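*Asks:*
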Amino acid sequence: MELPFAESWKIKMVEPLRSSTREEREQWLRDAHYNVFQLPGENVYIDLLTDSGTGAMSDRQWAALMMGDESYAGSRSFYELKDTITRITGFDFVIPTHQGRAAENVLFSALVKKDDIVPGNSHFDTTKGHIEFRKAFAVDCTVDEAKDTQLEVPFKGNVDISKLRDVLEKDAHRVPFIIVTITNNTAGGQPVSMENLREVRKLADEFGKRVIFDSARFAENAYFIKTRENGYEHKSIKEICLEMFSYADAMTMSAKKDGLVNMGGFIATRHEDWYEAAKAFVIPFEGFLTYGGMNGRDMAALAVGLEENTEFDMLRTRIHQVEFLAKKLDEYGVPYQRPAGGHAIFLDASLILTNVPKEEFPAQTLTIELYREAGIRGCEIGYILADRDPVTRENRFGGMDFVRLAIPRRTYTDNHMAVVAAAIRNVFERRNEITRGVKIIWEAELMRHFTVKLAPAD
Ligand SMILES: *Cc1c(COP(=O)(O)O)cnc(C)c1O
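So that you can map any letter, position 290 of the sequence shown is 388 in the working numbering, and since no number is skipped, the others follow by simple counting.
#1: Just to confirm my understanding: we take A553, look at its own chain, exclude 5 residues before and 5 after, and list those with CB closer than 8 Å. What are they?
#2: Below 7 Å CB to CB, which residues in the same chain sit around D223 once its five sequence neighbours on both sides are set aside?
#3: Since M292 contacts E243 with CB under 8 Å, what's their CB separation in whole angstroms?
#4: In chain order, what residues have a CB nearer than 6 Å to some heavy atom of ligand 1?
#5: Use the C-beta contact count for D117: other C-beta atoms within 10 angstroms, 16 or more gives buried, fewer gives exposed.
#6: Which residue or residues does DSSP assign as beta-bridge partners of T279?
#7: Comparing C-alpha positions only, which one of L340, S106, Q159, G227 sits nearest to D487?
#8: Which runs of the alpha helix (DSSP H), 4 residues or longer, sit entirely within the stretch 504-531?
#9: Between which two residues does the beta strand (DSSP E) harbouring F191 extend?
#10: Per DSSP, what are the beta-bridge partners of T350 in this structure?
#11: So the candidates are L427, F495, L400, F526; which of them puts its Cα closest to the Cα of A161?
#12: Exposed or buried, what is R528 when buried is set at 16 or more other beta-carbons lying within 10 Å of its beta-carbon?
#13: Taking G362 as the reference, which of G391, V309, T187 has the closest Cα?
#14: Any contact of the stretch 298-314 with the stretch 103-122, i.e. 3+ C-beta pairs under 8 Å?
#15: Okay, do the stretch 464-474 and the stretch 398-413 touch, 3+ Cβ pairs below 8 Å being the bar?
#16: What distance in whole Å lies between the Cβ atoms of N203 and N282, which are believed to be in contact at a cut-off of 8 Å?
#17: Is the distance from the Cβ of T182 to the Cβ of I365 below 8 Å?
#18: Measuring only the C-alpha atoms, how far is S169 from Y510?
#19: Report yes if the C-beta distance between R232 and V210 is below 8 Å; otherwise report no.
#20: Are the stretch 513-525 and the stretch 420-435 touching by the rule of at least three beta carbon pairs closer than 8 Å?
Right, dumping it as structure tokens:
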């Protein structure tokens, strides 16, 4: 008999979980203005709000933490981190920052100005925020296949090369760089193929443009290249990473994802001019060059995390859990962005709550229902997250309306995933009775989903 698949680690420390009653959750939802970002973590049973900074560190990372060097300038931990990043990406210049959006803030302060156009594949919300905050425009060039959630294609995160060409032919002089997000978070944690990265590079060269990878989940992207793309099955994850980054000029990184740490980020680049330009902003915004926004010990733990998470067994364990949840949902007939992504399942609210009008935010409504049902916290990646159009100030209903169930790394077991699937099934079975959603009673101008206040629609 073939042995079943199991995790590539065992558990050394555990944290108790707290369950709650439906009445309690009903009250907590009201207190939170129906925005799950406003719920205390203690009131959540299984927390799939995000995979960002919510993973478990390994014994080796905890050990590295004790060895961190807290020197203000020239910390040994910085050099360990820099050497690891250079080995994995090929980039020589590294600037630590306190998280991914800080990397964007520092680098974009140097590169993006008013009326610029930054084309890419479904810019992440903070990326889009940092572009629009500078009165520039983020143009989405994701392949159209990403919009059909039921279509099974291996690389749904890809850049549509002809859309990108159109932007460059029309407005190349306004484009400071192209940004490719690996994996494509907003489109459902969908990977970008090596072939696509190569084509983006070719087109960028044709127009004399540079390319940045928003790399929060680059290791998961490498796993999909290895397991889905011809010619890569015998390459190691580290070899694939080196080739991926060979097509980029720089990266911004949220280390809270594939860095396997709770806080941290960095910028890395092969170009000294970009490094020099970013230096001017990292010092006032983040801190001195050899710590950015990070503790020495956190840089030490990140170096180990990057090393561990660019190994096949670690990634296989992770993606296997996402696929486990997906298979359960298949059994129950629940529609999600297919195939399952790298870090999350994205439920397609537009196919589930078909009786809730889009003006009442179906994905947000489904997020609330799932919490009400079982204390499970997902995250709306839909019409609320899309913010308003910066020019017309209208809600943007053109994109997808997902509930993202993001799975923290090395944190929950497959039994927890079975509970999640059963709770979704219960909501799914009463979907036709859910006819009203929510309305906005207060919102911020940018990145409103974190703080928006909602009420049941009337
Ligand atoms: C999380 C994330 C960011 C922002 O990083 P933070 O560490 O949350 O600031 C940027 N891009 C992508 C694709 C992300 O997933």
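No residue lacks a Cβ here, since even glycine has one placed at the ideal position from N, Cα and C. It should be emphasised that the depicted structure is a prediction, and the values quoted were computed from it without experimental measurement.
*Replies:* Let me lay it out:
#1: If we look at A553 and ignore the five residues flanking it on each side, its Cβ neighbours are H131, Y132, V536, K537, I539.
#2: Around D223: L483, M545.
#3: Rounded, the Cβ-Cβ distance is 18 Å, inconsistent with contact.
#4: A distance filter of 6 Å between CB atoms and the heavy atoms of ligand 1 selects the following residues in sequence order: S150, Q197, G198, R199, F222, T224, T225, T279, N283, D312, A314, S352, K354, K355, G363.
#5: What sits at residue 117 in the sequence shown is Ser, not Asp. Classification for S117: exposed.
#6: Answer is D312, bridged to T279.
#7: Closest in alpha carbon position to D487, among L340, S106, Q159, G227, is G227.
#8: Secondary structure remark: continuous alpha helix (DSSP H) runs of at least 4 residues inside the stretch 504-531, in chain order: 512-527.
#9: For F191, the uninterrupted beta strand (DSSP E) run begins and ends at 191-195, by DSSP.
#10: As a beta-bridge residue in DSSP terms, T350 pairs with D312, I365.
#11: Of L427, F495, L400, F526, the residue nearest in Cα terms is L400.
#12: That one is exposed.
#13: The shortest C-alpha separation from G362 is found at G391.
#14: Contact between the stretch 298-314 and the stretch 103-122 is not established, with fewer than three Cβ pairs separated by less than 8 Å.
#15: Not touching, per the Cβ criterion.
#16: Contact doesn't hold; Cβ gap of about 22 Å is too wide.
#17: Pairing T182 with I365 gives a Cβ-Cβ distance that is not under 8 Å.
#18: The alpha-carbon atoms of S169 and Y510 are separated by roughly 36 Å.
#19: Yes, the Cβ-Cβ distance between R232 and V210 is below 8 Å.
#20: Judged by Cβ distances under 8 Å, the stretch 513-525 makes contact with the stretch 420-435, as three or more pairs qualify.
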